[in-house]
Amino acid sequence: MTESKTVKTDVVLVGAGIMSATLGALLHLMEPDWNITLIERLDGAAAESSDPWNNAGTGHSALCELNYTPQRSDGTVEISKAVHVNEQFQVSRQFWSYAVSNGVLPDVRSFLNPIPHVSFVHGEGSTRYLKARYDALVTNPLFASMEYIDDEDEFVRRLPLMAAGRNFAEPVALNWTQDGTDVDFGSLSRQLIGYTAQRGMETLFGHEVRDLKKESDGTWTLKVTNRRTGLKRKINAKFVFVGAGGGALPLLQKSGIKEAKGFGGFPVGGQWLRTGNPLLAADHQAKVYGAPPLGAPPMSVPHLDTRVINGRSYLLFGPFAGWSPKFLKQGKVTDLPFSVKPNNLASMLGVGLTEMSLVKYLVGQLRLSEADRVEALREFAPSARDSDWELDIAGQRVQVIRKKGAGGVLEFGTTVLAAEDGSIAGLLGASPGASTAVPAMLDVMERCFADRYASWQPKLKEMVPSLGVELSKEPKLFEEVWAHGTEVLKLDEPKAQLAAADAVT
Numbered sequence: 001m002t003e004s005k006t007v008k009t010d011v012v013l014v015g016a017g018i019m020s021a022t023l024g025a026l027l028h029l030m031e032p033d034w035n036i037t038l039i040e041r042l043d044g045a046a047a048e049s050s051d052p053w054n055n056a057g058t059g060h061s062a063l064c065e066l067n068y069t070p071q072r073s074d075g076t077v078e079i080s081k082a083v084h085v086n087e088q089f090q091v092s093r094q095f096w097s098y099a100v101s102n103g104v105l106p107d108v109r110s111f112l113n114p115i116p117h118v119s120f121v122h123g124e125g126s127t128r129y130l131k132a133r134y135d136a137l138v139t140n141p142l143f144a145s146m147e148y149i150d151d152e153d154e155f156v157r158r159l160p161l162m163a164a165g166r167n168f169a170e171p172v173a174l175n176w177t178q179d180g181t182d183v184d185f186g187s188l189s190r191q192l193i194g195y196t197a198q199r200g201m202e203t204l205f206g207h208e209v210r211d212l213k214k215e216s217d218g219t220w221t222l223k224v225t226n227r228r229t230g231l232k233r234k235i236n237a238k239f240v241f242v243g244a245g246g247g248a249l250p251l252l253q254k255s256g257i258k259e260a261k262g263f264g265g266f267p268v269g270g271q272w273l274r275t276g277n278p279l280l281a282a283d284h285q286a287k288v289y290g291a292p293p294l295g296a297p298p299m300s301v302p303h304l305d306t307r308v309i310n311g312r313s314y315l316l317f318g319p320f321a322g323w324s325p326k327f328l329k330q331g332k333v334t335d336l337p338f339s340v341k342p343n344n345l346a347s348m349l350g351v352g353l354t355e356m357s358l359v360k361y362l363v364g365q366l367r368l369s370e371a372d373r374v375e376a377l378r379e380f381a382p383s384a385r386d387s388d389w390e391l392d393i394a395g396q397r398v399q400v401i402r403k404k405g406a407g408g409v410l411e412f413g414t415t416v417l418a419a420e421d422g423s424i425a426g427l428l429g430a431s432p433g434a435s436t437a438v439p440a441m442l443d444v445m446e447r448c449f450a451d452r453y454a455s456w457q458p459k460l461k462e463m464v465p466s467l468g469v470e471l472s473k474e475p476k477l478f479e480e481v482w483a484h485g486t487e488v489l490k491l492d493e494p495k496a497q498l499a500a501a502d503a504v505t
């Protein structure tokens, strides 16, 4: 097809998920005169990892995720990671509060609902650990509302679905935090993109960035193809952000920036058991996280979750791992092999040799039958019936492989890569990912727009009052922003009403 002339813009955002959506809104709020172009290979926003069916929607704030609070050899619990993750979520929560108050996010209840976050264990050793975890966290202002529950009657009252059919001869315990959230990152992304698009951002859906090249003046020229018509175009941008989920690594490799050298990626798919049975959903109003199986990676932490999607409650249990060489759910089987380059070969081979526990875990997961998955669910809900649950395929995650020494190491967090001159940045990794989109994008802004960031700070502090401050060390400020956010985000009100009349099993 004919190639159109090169179009110039200030900013290009690659990918229409939560990261690009957040960065686009932030940049528009800072610089309303800038031209922003969003390029998405699929035909709609948030159709990959940010889609509500492709993630857990936990609003990761380390309230319930036991992998953020490891036990030391002396029996005490390390909480620094949990505090850091919660601090990041507080930044996102404050920006969402500002965005709701200022018309950026017009429908708060479609993306955010109050759902308790709960840690669940059973057995004497595990209950001792959970009590030590509670003792370590509850003195921190960010976790002060947490409860420790080991009473059978209270367990039955709060988690009737999990209590039904349970043998309480074995001790059970909960860390319960009432003020957790369920987040529909798809709805959140679409609202942010809609706000910015209505104010001039160009949106190119069904378009794919096939290549990009740095020009002598420091700008980037992207080769873009319309996937429906084959029409090709070139877009020249002063700044490029690659927020394309699993598709970010190949594009960052094509950019040739030294910061991307040595990085590799390992794709892991996810699967959930799901039910829309309104009776089951009514009996389980919480996100309940357990402990990962011995030797399993952090991403395998099992949890039974309430999800609120389009005003209706569902339950999800998992995750169970799947595997495909694709880097995106709607990617290509050549994604993994084509990502292997001379500069990351050693990293990837090194991980292949050292991460045998991950390989064993994946092999075991792939061998699970439907009955095996429901049997795993019965650790949480002993009375679970196969007929109530169906298997749902979630999104692809690409775990980061980072160069370390002569080999590499597999990381399970979120990594922001930015060129030294600030002209291009991208995000790699998974959980806590979407929940930390705002602090991650503020990091991109500080690193890539160093000449403007100081002048942006007064406005940013209006959006995020705790910017640059650790709320865990400023309890009064935490109380203020928490109370304000709870009111604005309507988290002191019941979650979205169920469409119970229309609900079907």
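For the sequence shown, the positions run 1 to 505 when full-length UniProt numbering is used.
The beta-carbon is built from N, C-alpha and C at its ideal position, and this holds for glycine as well.
- If you keep only unbroken beta strand (DSSP E) runs of at least 3 residues inside the segment 71-114, you get 112-114.
- Inside the segment 158-221, DSSP marks whole beta strand (DSSP E) runs of 3 or more residues at positions 172-177, 181-183, 202-205, 207-214, from first to last along the chain.
- Contact between the segment 439-453 and the segment 416-424 is present: three or more C-beta pairs spanning the two stretches fall below 8 angstroms.
- Under the 10 Å beta carbon count, Ala450 is surrounded by fewer than 16 other beta carbons and is classified as exposed.
- Closest in alpha carbon position to Val374, among Gly364, Phe95, Asp386, is Asp386.
- For Phe478, the enclosing alpha helix (DSSP H) starts and ends at 475-488.
- Non-local C-beta neighbours of His207 in its own chain, meaning closer than 6 angstroms and more than five positions away in sequence, comprise Ile39, Val224, Asn226, ordered along the chain.
- Using a C-beta cut-off of 8 angstroms, the segment 180-200 makes contact with the segment 91-110, since at least three inter-stretch Cβ pairs fall below that distance.
- Residues Ala16, Ser189, Arg190, Ile193 of the same chain have their beta carbon placed closer than 6 angstroms to that of Ala45, with the five preceding and five following residues left out of the count.
- Here Tyr68 is not near Val91, since their CB atoms are 7 angstroms or more apart.
- Residue state for Glu154 is assigned as helix, using DSSP reduced to three classes.
- As a beta-bridge residue in DSSP terms, Val12 pairs with Thr37, Val240.
- In the DSSP assignment, Asp135 falls within the unbroken alpha helix (DSSP H) covering 124-137.
- A straight line joining the alpha-carbon of Asp150 with that of Val172 spans about 6 angstroms.
- In the structure shown, Glu390 falls within a strand segment according to DSSP collapsed to helix, strand and coil.
- If the five residues before and after Lys495 are omitted, its C-beta is found closer than 7 angstroms to the C-beta atoms of Asn113, Pro114, Ile115, Val308, all from its own chain and listed in chain order.
- Within its own chain, the residues whose Cβ lies closer than 6 angstroms to the Cβ of Gly186, once the five positions on either side in sequence are excluded, are Ala46, Ser50, Asp51, Pro52, listed in chain order.
- When the beta-carbon positions are compared, Cys448 and Gly468 stay at least 7 angstroms from each other.
- In the three-state DSSP reduction, Arg312 falls in the strand class (E or B).
- Linking Glu479 to Ala144 through their CA atoms gives a straight-line distance of about 11 angstroms.
- In summary, Asp492 is exposed, with fewer than 16 beta-carbon neighbours lying within 10 Å of its beta-carbon over all protein chains present.
- Under DSSP, Trp272 shares a beta bridge with Asp392.
- Only residues of its own chain outside the window of five on either side were considered, and among them Lys261, Gly262 have a CB closer than 8 angstroms to the CB of Asn343, listed in chain order.
- Rounded to the nearest angstrom, the Cβ distance from Val288 to Leu273 is 14 angstroms, too far for a contact under 8 angstroms.
- By the 16-neighbour rule on beta-carbons within 10 angstroms, Phe168 is exposed.
- Take the alpha-carbon of Gln88 and the one of Met201: they are about 27 angstroms apart.
- A straight-line Cα-Cα distance of about 5 angstroms links Leu315 and Thr275.
- When DSSP states are grouped into helix, strand and coil, Pro250 belongs to the helix group.
- Ser20 counts as buried, since at least 16 other C-beta atoms from the protein chains shown sit within 10 angstroms of its C-beta.
- If you check the CB distance, Leu252 and Gly426 come in under 7 angstroms.
- Around Leu23, the same chain offers Leu13, Phe241, Gly243, Met441, Val444, Met445 as residues with beta carbons nearer than 8 angstroms, after the five sequence neighbours per side are excluded.
- Closest by C-alpha distance to Ser472, out of Ala82, Asp43, Val7, is Ala82.
- Here the C-alpha atom of Ser313 lies approximately 37 angstroms from the C-alpha atom of Thr76.
- If you look at Gly24, you'll find it in the alpha helix (DSSP H) that goes 18-30.
- Between Phe380 and Met30, the CB-CB gap reaches or exceeds 7 angstroms.
- The continuous alpha helix (DSSP H) containing Tyr453 extends over residues 450-463.
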